[in-house]
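Note sheet for the following structure.
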């Protein structure tokens, strides 16, 4: 695969495993085993069966007719919001729990921002009867309270991260500390295409089911498996990577990744990484991240907890640098308005993360017969209080 990872764990200039010595055994064990395990026919069969009977895949590819009329193109929603637990996160969580079982791990840790990955991890741990500890920023716990309750109901222990900005970055730091302290019996389920190699590649492979299904569904519905545009929101970037994965080598397909501009890219309250960031190292990989002149991580901001991350996955950084994908950003207000529009035009309340991708349609012009696929990465139940507060319902 032209845009895939090389044997050293790099995508062009980005990737690698920049980790403390004490984490080396954990990461090395994964690196040595993951391809072998993922290629095993028994693993594949169990993964596919759970995706079908437990998650409810394939998720539909829905031709949004009212949106298509409004925007003058054929707009399709890839309905990841219909998965069990309400987002794309479950695809990766199931893959990693099966991997952890084969590595003999007895304890799972995870980090979460919006709580969707935490819920997905707690869900698969309950399914497999494995202990689950989820680290979550104190601020995110407040703004995503329903997901905290879900995780606890599923039997997980939710540990608040009380340092720094008390959001996703800090939850990730806490999870990494835990993993250093418990290398033998614990597997860390990272929720996005970030972190030290092999995580970005492994998570992308589990999420690639999104684009694999989309190609088949497009062929059935349009007679061609290749659309003109594929779009997704990006924080760390796992739903986007899953949505882009099988289209990467089809260079006529335009890939559009939508980041969170927050209160505006130049407002000082933003998470528009590619616009504001520079190359550096974050959470174990070389990537593009928001940092000060002396290399300190700049606190990101977005109304959407899932996009509130100061970097992007290394594969995204590579696609951005070589112009294979276009990285743009949308403000809080634009995203909230797009969420309301989707609710009232298509009867689908999207997650605020997803609404960022939907909002960018307003800034695009299409040819009449263009086919446009948007990853509807999650449903908006978890964000109802934010929508209510903003619109005064």
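In my numbering, the protein residues as written are -14 to 378. Every residue gets a Cβ at the ideal spot worked out from N, C-alpha and C, and that includes glycine. Note that the structure is a prediction, hence the values are computed from the model and not measured.
- Shown here for residue 305: same chain residues with a beta carbon closer than 6 Å to its own, the five before and five after excluded, namely 259 and 312 in chain order.
- In chain order, 235 and 238 place their CB closer than 6 Å to the CB of residue 211, counting only its own chain and leaving out the 5 sequence neighbours on each side.
- Three or more beta-carbon pairs drawn from the stretch 103 to 116 and the stretch 130 to 142 are found closer than 8 Å, and the two stretches are therefore classed as touching.
- For residue 188 against residue 177, the beta-carbon gap comes to about 6 Å, under 8 Å, which counts as contact.
- Following the DSSP letters along the chain, one finds residue 263 in no alpha helix (DSSP H) but inside the beta strand (DSSP E) bounded by residues 263 to 267.
- Per DSSP, the beta bridge partners of residue 173 are 94.
- Collapsing the DSSP output to three states places residue 308 in coil.
- Residue burial annotation: residue 378 is exposed, with fewer than 16 other C-beta atoms found within 10 angstroms of its C-beta.
- Taking C-beta atoms as the reference points, residue 46 and residue 203 count as a pair closer than 9 Å.
- Within 10 angstroms of the beta-carbon of residue 314 lie 16 or more other beta-carbons, which makes it buried.
- Across the structure, residue 20 and residue 326 are spaced so that their CA atoms are roughly 42 Å apart.
- Taking 9 Å as the cut-off, the Cβ atoms of residue 115 and residue 82 count as close.
- About 7 Å separates the Cβ atoms of residue 125 and residue 100, confirming a contact at the 8 Å cut-off.
- Here residue 216 has 241, 342 and 359 as same chain residues with Cβ atoms under 6 Å from its own Cβ, once five neighbours each way along the sequence are excluded.
- Residue 297 sits in coil when the DSSP states are folded into three classes, being neither helix nor strand.
- Taking 9 Å as the cut-off, the Cβ atoms of residue 182 and residue 11 do not count as close.
- In the displayed model, residue 188 falls within a helix according to three-state DSSP.
- The beta carbon of residue 119 is closer than 6 Å to those of 95, 97, 103, 136, 141 and 143 in its chain, skipping five residues each way along the sequence.
- Here residue 163 has 94 as same chain residues with Cβ atoms under 6 Å from its own Cβ, once five neighbours each way along the sequence are excluded.
- Residue 35 counts as buried, since no fewer than 16 other beta carbons sit within 10 angstroms of its beta carbon.
- When the five nearest sequence neighbours on each side are left out, the beta carbons in the same chain lying within less than 6 Å of the beta carbon of residue 301 are those of 222, in order along the chain.
- Residue burial is scored here from C-beta neighbours: residue 376 has fewer than 16 other C-beta atoms within 10 angstroms and is therefore classed as exposed.
- Excluding residues up to 5 positions away in sequence, 104, 105 and 108 lie with their Cβ nearer than 6 Å to the Cβ of residue 70 in the same chain.
- Taking a contact to require three or more Cβ pairs closer than 8 Å, the stretch 279 to 287 and the stretch 189 to 197 do not qualify as touching.
- In the DSSP assignment, residue 244 is bridged to 314.
- Going by beta carbons, residue 214 and residue 356 fall inside the 9 Å limit.
- Taking all protein chains shown into account, residue 263 has fewer than 16 neighbouring C-beta atoms within 10 Å of its C-beta and is therefore exposed.
- CA-CA distance, residue 159 to residue 180, rounds to 14 Å.
- 295 is the residue among 254, 295, 255 and 285 whose C-alpha sits nearest the C-alpha of residue 274.
- Contact between residue 345 and residue 243 holds, with the beta-carbon distance rounding to 5 Å and staying under 8 Å.
- For the 9 Å CB-CB criterion, residue 52 and residue 331 form a contact.
- Cβ atoms of residue 255 and residue 265 stay farther apart than 8 Å, at about 17 Å.
- For residue 48, the uninterrupted beta strand (DSSP E) segment begins and ends at 46 to 48.
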